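Asks:
Protein chains: 2
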Amino acid sequence: MAYELHYWPMIQGRGEFVRLALEEAGAAYVDVAREDGIDGMLAGLDGPPRPPFAPPYLRDGDLVIGQTAAILLYLGPRLGLVGESEADRIWTHQIQLTLADAVAEAHDTHHPIASRLYYEEQWTEAARRAEDFRTHRLPKFLLWLERVLAANPEGPRHLVGHRLSTADLSLFQLVEGLAYAFPRATERVLADTPKVVALHRLVAARPRIAAYLASDRRVPFNEDGIFRRYPELDG
Amino acid sequence: MAYELHYWPMIQGRGEFVRLALEEAGAAYVDVAREDGIDGMLAGLDGPPRPPFAPPYLRDGDLVIGQTAAILLYLGPRLGLVGESEADRIWTHQIQLTLADAVAEAHDTHHPIASRLYYEEQWTEAARRAEDFRTHRLPKFLLWLERVLAANPEGPRHLVGHRLSTADLSLFQLVEGLAYAFPRATERVLADTPKVVALHRLVAARPRIAAYLASDRRVPFNEDGIFRRYPELDG
Chain A
56 MAYELHYWPM
66 IQGRGEFVRL
76 ALEEAGAAYV
86 DVAREDGIDG
96 MLAGLDGPPR
106 PPFAPPYLRD
116 GDLVIGQTAA
126 ILLYLGPRLG
136 LVGESEADRI
146 WTHQIQLTLA
156 DAVAEAHDTH
166 HPIASRLYYE
176 EQWTEAARRA
186 EDFRTHRLPK
196 FLLWLERVLA
206 ANPEGPRHLV
216 GHRLSTADLS
226 LFQLVEGLAY
236 AFPRATERVL
246 ADTPKVVALH
256 RLVAARPRIA
266 AYLASDRRVP
276 FNEDGIFRRY
286 PELDG
Chain B
56 MAYELHYWPM
66 IQGRGEFVRL
76 ALEEAGAAYV
86 DVAREDGIDG
96 MLAGLDGPPR
106 PPFAPPYLRD
116 GDLVIGQTAA
126 ILLYLGPRLG
136 LVGESEADRI
146 WTHQIQLTLA
156 DAVAEAHDTH
166 HPIASRLYYE
176 EQWTEAARRA
186 EDFRTHRLPK
196 FLLWLERVLA
206 ANPEGPRHLV
216 GHRLSTADLS
226 LFQLVEGLAY
236 AFPRATERVL
246 ADTPKVVALH
256 RLVAARPRIA
266 AYLASDRRVP
276 FNEDGIFRRY
286 PELDG
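Residue numbers (our numbering), protein chains in the order written: chain A, 56 to 290; chain B, 56 to 290.
Below you can see the structure in the form of structure tokens.
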């Protein structure tokens with residue numbers, strides 16, 4: 056049976072990390088809200104007995120799983136996108152959670168006060184937070200990923216071991232998003248992280264990912280998503 | 056061999072979620088930085104081949120695991136603090152990640168601009184963010200937990216199934232922290248979440264947890280941690 060992904064249809068957002076894993080694996084899935092609208096997705100948040108807190112969530116038969124990192128933890132072994140050993144799996148997940156932290160901080164650059172308010176209601180605070188993100192946090196995250204790649208005993212092509220994992224796919228998406236939202240700041244840091252750049256390219260060139268990115272299944276970046284291009288926040 | 060927990064010694068912080076699990080299980084562990092200072096902890100962040108991004112991290116023999124939720128995912132089965140089925144385990148982890156989101160948002164009430172700056176450098180922004188947190192986010196998280204308890208087919212005593220899990224212990228700590236940081240706002244919401252209150256009490260009364268809380272191993276809340284009592288942020 057096809058996986059059901061439930062997520063906001065008009066943005067990449069956190070759902071994109073799940074979409075990339077499903078696409079890379081060639082898995083059968085339905086992006087439910089893009090086909091049928093968001094009513095079913097919203098109803099699922101009220102559904103007992105185990106209601107997710109927020110989209111995205113995945114339905115696999117009777118099982119419903121929310122939280123992006125938990126979805127990828129569940130899908131990794133099923134899609135062949137994680138190593139076999141417990142050590143590799145928990146390390147992959149640890150990287151995934153750190154990527155999730157980076158994503159949350161990127162979001163908060165344009166919404167440092169409240170998600171439910173408009174950007175225009177918090178743009179002065181956003182300018183301060185974005186400056187700290189560009190100057191300190193963005194480099195810290197990308198330099199850590201570079202260090203992880205450099206320290207991989209099986210070589211710097213992948214974050215974990217010698218194979219593609221959900222973490223590699225998510226690194227790709229983080230770099231895509233940062234380069235969209237903060238083109239100048241990201242370019243500066245990427246000049247110092249050649250292994251991150253190489254892994255980003257490797258993922259983009261995977262045949263199924265390349266086909267996906269060229270398809271209309273890939274929602275373009277926009278100013279409703281997590282990664283938003285507000286030039287004033289790029290310093 | 057005893058587990059090694061590496062975390063900042065002067066605060067409860069994120070390490071406390073791990074401490075509570077180890078204490079409840081009566082596991083042998085060393086809180087390394089509290090015994091030997093933070094040099095070893097900081098050195099571990101530089102240690103190849105798999106450096107954690109930040110404390111807390113756990114060392115179990117050769118394995119090093121960072122990210123609070125990943126540590127609890129790893130410890131859950133070993134400490135008997137998670138159900139047997141994959142469905143129970145991924146649901147427990149999903150709750151854990153949602154609790155982690157609540158913790159991060161509680162932190163950002165006093166540091167909405169930058170973790171590396173002092174509160175006094177961002178108190179005007181903090182006032183705005185804290186108002187949104189008190190009014191919208193804190194109720195949303197606690198009411199979701201209440202709903203999860205109410206919807207548990209095995210009864211509302213525990214978040215998952217009929218047994219104590221790492222998620223229950225973390226709910227306890229979240230409520231403790233919120234009640235410390237936002238006593239008035241939290242009391243108002245807890246009036247509407249009797250099942251959350253009952254689970255908080257159940258955890259506090261567990262013999263090993265009660266002994267731990269009364270010991271000097273429990274660091275008191277303070278204004279260096281994640282949950283800080285700044286009365287002006289409690290509305």
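We put the beta carbon where it would ideally sit given N, CA and C, even for glycine.
Since the structure is predicted, the reported quantities are computational estimates derived from the model, not experimental observations.
Assuming Arg212 (chain B) is part of the beta strand (DSSP E), what are its boundary residues?
Replies: Stepping through the second sequence from its first residue, residue 212 (chain B) is reached at position 157. No beta strand (DSSP E) holds Arg212 (chain B); DSSP gives it neither H nor E.
Asks: Could you tell me the distance, in whole angstroms, from the CA atom of Val244 (chain A) to the CA atom of Pro111 (chain A)?
Replies: As a first step, residue 244 (chain A) is located in the first sequence; it is residue number 189 there, counting from the start. As a first step, residue 111 (chain A) is located in the first sequence; it is residue number 56 there, counting from the start. Their Cα atoms are separated by approximately 30 Å.
Asks: Can you tell me which of B:Gly290, B:Arg212, B:Ala266 and B:Leu154 puts its alpha carbon nearest to the alpha carbon of Pro238 (chain B)?
Replies: Residue mapping note: residue 238 (chain B) aligns to position 183 of the second sequence, counting from 1. The residue with the shortest Cα to Cα distance from Pro238 (chain B) is B:Gly290.
Asks: Mind checking which residues open and close the beta strand (DSSP E) that includes Ile120 (chain A)?
Replies: Here residue 120 (chain A) corresponds to residue number 65 of the first sequence, with the count starting at 1. Run containing Ile120 (chain A): Leu118 to Gly121, per the beta strand (DSSP E) assignment.
Asks: Taking Cβ positions only, does Asp279 (chain A) come closer than 8 Å to chain B?
Replies: Looking up residue 279 (chain A) in the first sequence gives position 224. No, because no Cβ of chain B sits closer than 8 Å to the Cβ of Asp279 (chain A).
Asks: Between Gly116 (chain A) and Ala80 (chain A), which are expected to be in contact by the criterion C-beta below 8 Å, what is the C-beta distance as a whole number of angstroms?
Replies: In the first sequence, the residue the question calls residue 116 (chain A) occupies position 61. In the first sequence, the residue the question calls residue 80 (chain A) occupies position 25. That pair is no contact at about 17 Å.
Asks: Taking a Cβ distance cut-off of 9 Å, strictly less, list which residues of the region 145-157 of chain A are near chain B, in chain order.
Replies: Listed by position along the chain: Ile145, Trp146, His148, Gln149, Ile150, Gln151, Leu152, Thr153, Ala155 and Asp156.
Asks: For Glu175 (chain A), decide whether its Cβ has a neighbour in chain B, counting only Cβ atoms nearer than 8 Å.
Replies: Walking along the first sequence from the start, residue 175 (chain A) turns up at place 120. With 8 Å as the cut-off, Glu175 (chain A) does not count as an interface residue toward chain B.
Asks: Starting from Leu226 (chain B), trace the alpha helix (DSSP H) in both directions and tell me its first and last residue.
Replies: As a working note, residue 226 (chain B) is residue 171 in the second sequence. Taken as a continuous stretch (DSSP letters only), the alpha helix (DSSP H) holding Leu226 (chain B) covers Thr221 to Ala236.
Asks: Quick one: using the 10 Å Cβ neighbour count with 16 as the cut-off for buried, is His162 (chain B) buried or exposed?
Replies: Counted from its first residue, the second sequence places residue 162 (chain B) at position 107. Classification for His162 (chain B): buried.
Asks: Determine, using beta carbons only, whether Ala253 (chain A) and Ala259 (chain A) come nearer to each other than 8 Å.
Replies: Taking the first residue of the first sequence as position 1, residue 253 (chain A) is located at position 198. Taking the first residue of the first sequence as position 1, residue 259 (chain A) is located at position 204. The answer is no: Cβ separation not under 8 Å.
Asks: Run through chain A and tell me which residues come within less than 7 Å of Arg122 (chain B), C-beta to C-beta.
Replies: Taking the first residue of the second sequence as position 1, residue 122 (chain B) is located at position 67. Residue 122 (chain B) is actually Gln in this sequence, not Arg. Near Gln122 (chain B) (Cβ distances below 7 Å), the residues of chain A are Gln149, Leu152 and Thr153.
Asks: Determine the burial state of Pro208 (chain A): buried for a count of at least 16 other Cβ atoms within 10 Å of its Cβ, exposed for fewer.
Replies: Against the first sequence, residue 208 (chain A) aligns to sequence position 153. When all chains shown are included, Pro208 (chain A) counts as exposed.
Asks: Taking only the alpha-carbon atoms, compute the straight-line gap between Asp292 (chain B) and Ala109 (chain B) and give it to the nearest angstrom.
Replies: Residue 292 (chain B) lies beyond the range of chain B shown here (56 to 290); nothing can be said about it.
Asks: From the DSSP secondary-structure annotation, give me the bridge partner or partners of Val85 (chain B).
Replies: The count along the second sequence starts at 1 and reaches residue 85 (chain B) at position 30. Beta-bridge partners of Val85 (chain B) (DSSP): B:Glu59.
Asks: Inspect the beta-carbon positions of Gln228 (chain A) and Leu130 (chain A) and report whether they are closer than 8 Å.
Replies: As a first step, residue 228 (chain A) must be located in the first sequence, where it is residue number 173. As a first step, residue 130 (chain A) must be located in the first sequence, where it is residue number 75. Contact: no.
Asks: Count the other CB atoms, across all protein chains shown, that sit within 10 Å of the CB of Pro19 (chain A); report buried if there are 16 or more and exposed otherwise.
Replies: Examination of residue 19 (chain A) is not possible in this model, given that chain A is present from 56 through 290 alone.
Asks: Given that Trp63 (chain A) touches chain B, what residues does it touch there, using C-beta distances under 8 Å?
Replies: In the first sequence, counting from the first residue as 1, residue 63 (chain A) sits at position 8. Per Cβ cutoff of 8 Å: no residues; Trp63 (chain A) is ~17 Å from chain B at best.
Asks: Would you kindly check if the distance between the Cβ of Val137 (chain A) and the Cβ of Ser225 (chain A) is under 8 Å?
Replies: Residue mapping note: residue 225 (chain A) aligns to position 170 of the first sequence, counting from 1. Residue mapping note: residue 137 (chain A) aligns to position 82 of the first sequence, counting from 1. Cβ distance not < 8 Å, so Ser225 (chain A) and Val137 (chain A) don't count as in contact.
Asks: The beta strand (DSSP E) spanning Arg114 (chain B) covers which residue range?
Replies: As a first step, residue 114 (chain B) must be located in the second sequence, where it is residue number 59. Looking at the DSSP string, the run of the beta strand (DSSP E) that includes Arg114 (chain B) is Tyr112 to Asp115.
Asks: Just checking, does the region 176-195 of chain A make contact with the region 193-212 of chain B on the three C-beta pairs under 8 Å criterion?
Replies: The answer is no - the region 193-212 of chain B does not touch the region 176-195 of chain A, with fewer than three Cβ pairs under 8 Å.
Asks: When you compare the CB positions of Leu257 (chain A) and Arg218 (chain A), do they come within less than 8 Å of one another, or not?
Replies: Position 202 of the first sequence holds residue 257 (chain A). Position 163 of the first sequence holds residue 218 (chain A). For Leu257 (chain A) and Arg218 (chain A), no; Cβs fall outside 8 Å.
Asks: Which two residues bound the contiguous alpha helix (DSSP H) that contains Leu75 (chain A)?
Replies: Counting from one through the first sequence, the residue named residue 75 (chain A) turns up at place 20. Gly70 to Ala80 is the span of the alpha helix (DSSP H), which, as asked, contains Leu75 (chain A).
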